[in-house]
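Written out below as structure tokens is the structure these notes cover.
Residue numbers (the working numbering): 0 to 151.
Below, the structure is given as structure tokens:
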């Protein structure tokens, strides 16, 4: 019985594989990335919005930004489908989920995001810099919808 119990526990914990680290330091949304100090002068081109819930420090139609007490960015959200924001990953523009995999590699977790809307996401983690990147895409045509960068 003890042996079967140990094997069962090993099988259950083995299903949730540990995500290997991926370098996410070269992901920029309009030249902003996690850990940078916010420059409030750079925010004047964006349109204020009340579309987004939660208590983020800066909510615009084009981008959502949150910062810590030192004004360092710890959360970024932007949409791919509206072309308001320049989204660069390792100096490349992305359109499809395959582009993300080609640029960042295979160390991601593919998860359901919203089944009704047929949205899934690739989740990458940078364990060295404590950053998580979520790329949400449509399973209909593999088009990228939005990106969420955050501190873990």
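Cβ coordinates follow ideal geometry from the N, Cα and C atoms, glycine included. Predicted, not measured: the structure shown is a model, and the values here were computed from it.
Checklist entry - Does DSSP classify residue 71 as helix, strand or coil? => result Counting from 1 along the chain shown, the entry for residue 71 is found at position 72. Here residue 71 sits in strand by DSSP.
Checklist entry - Taking residue 79 as the reference, which of 18, 29 and 115 has the closest Cα? => result Residue 79 sits at position 80 when you count from the first residue of the chain shown. Checking every option, the nearest Cα to that of residue 79 belongs to 29.
Item to check | Proximity to residue 84 [Cα-Cα], best of 98, 73 and 63 | outcome: Counted from its first residue, the chain shown places residue 84 at position 85. It is 63.
Next on the checklist: Can you tell me whether residue 118 is helix, strand or coil according to DSSP?
Outcome noted: The residue given as residue 118 occupies position 119 in the chain shown. Residue 118: strand per DSSP, three-state reduction.
Item to check | CA-to-CA distance, residue 94 to residue 54, given in whole angstroms | outcome: Taking the chain shown and counting its residues from 1, the one referred to as residue 54 is at position 55. Taking the chain shown and counting its residues from 1, the one referred to as residue 94 is at position 95. Going by the C-alpha atoms only, they are around 29 Å apart.
Checklist entry - Which first and last residues belong to the beta strand (DSSP E) in which residue 64 is found? => result Residue 64 sits at position 65 when you count from the first residue of the chain shown. That run of the beta strand (DSSP E) goes 62 to 66.
Checklist entry - For residue 146, which residues does DSSP report across the bridge? => result The residue labelled residue 146 in the question sits at position 147 within the chain shown. Its beta-bridge partners are 77 and 134.
Next on the checklist: Give me, in chain order, the residues of the same chain whose beta-carbon lies closer than 8 Å to that of residue 100; leave out the 5 immediate sequence neighbours on both sides.
Outcome noted: One-based indexing of the chain shown puts residue 100 at position 101. 107 and 121.
Checklist entry - Going along the chain, which residues of its own chain have a beta-carbon closer than 8 Å to the beta-carbon of residue 127, five neighbours each way excluded? => result Residue numbering aside, residue 127 sits at position 128 when the chain shown is read from its first letter. 20 and 22, listed in sequence order.
Next on the checklist: Checking 8 Å against the spacing of the C-beta atoms, do residue 96 and residue 123 come in under that value?
Outcome noted: Taking the first residue of the chain shown as 1, we reach residue 96 at position 97. Taking the first residue of the chain shown as 1, we reach residue 123 at position 124. Cβ distance not < 8 Å, so residue 96 and residue 123 don't count as in contact.
Item to check | Proximity to residue 41 [Cα-Cα], best of 73, 51, 59 and 110 | outcome: Taking the first residue of the chain shown as position 1, residue 41 is located at position 42. Nearest C-alpha to residue 41: 59.
Next on the checklist: Using the three-state DSSP reduction, which class does residue 18 fall into: helix, strand or coil?
Outcome noted: For the purposes of this step, residue 18 is taken as residue 19 along the chain shown, with counting starting at 1. Residue 18 falls in the coil class under three-state DSSP.
Next on the checklist: Measuring only the C-alpha atoms, how far is residue 226 from residue 103?
Outcome noted: Lying before the first or after the last residue shown, residue 226 is absent from the chain, which here runs from 0 to 151.
Next on the checklist: Give me, in chain order, the residues of the same chain whose beta-carbon lies closer than 6 Å to that of residue 200; leave out the 5 immediate sequence neighbours on both sides.
Outcome noted: This structure gives no information on residue 200, because the portion of the chain shown stretches from 0 to 151.
Item to check | Spatial distance of residue 138 from residue 118 (CA atoms) | outcome: The residue labelled residue 138 in the question sits at position 139 within the chain shown. The residue labelled residue 118 in the question sits at position 119 within the chain shown. About 6 Å.
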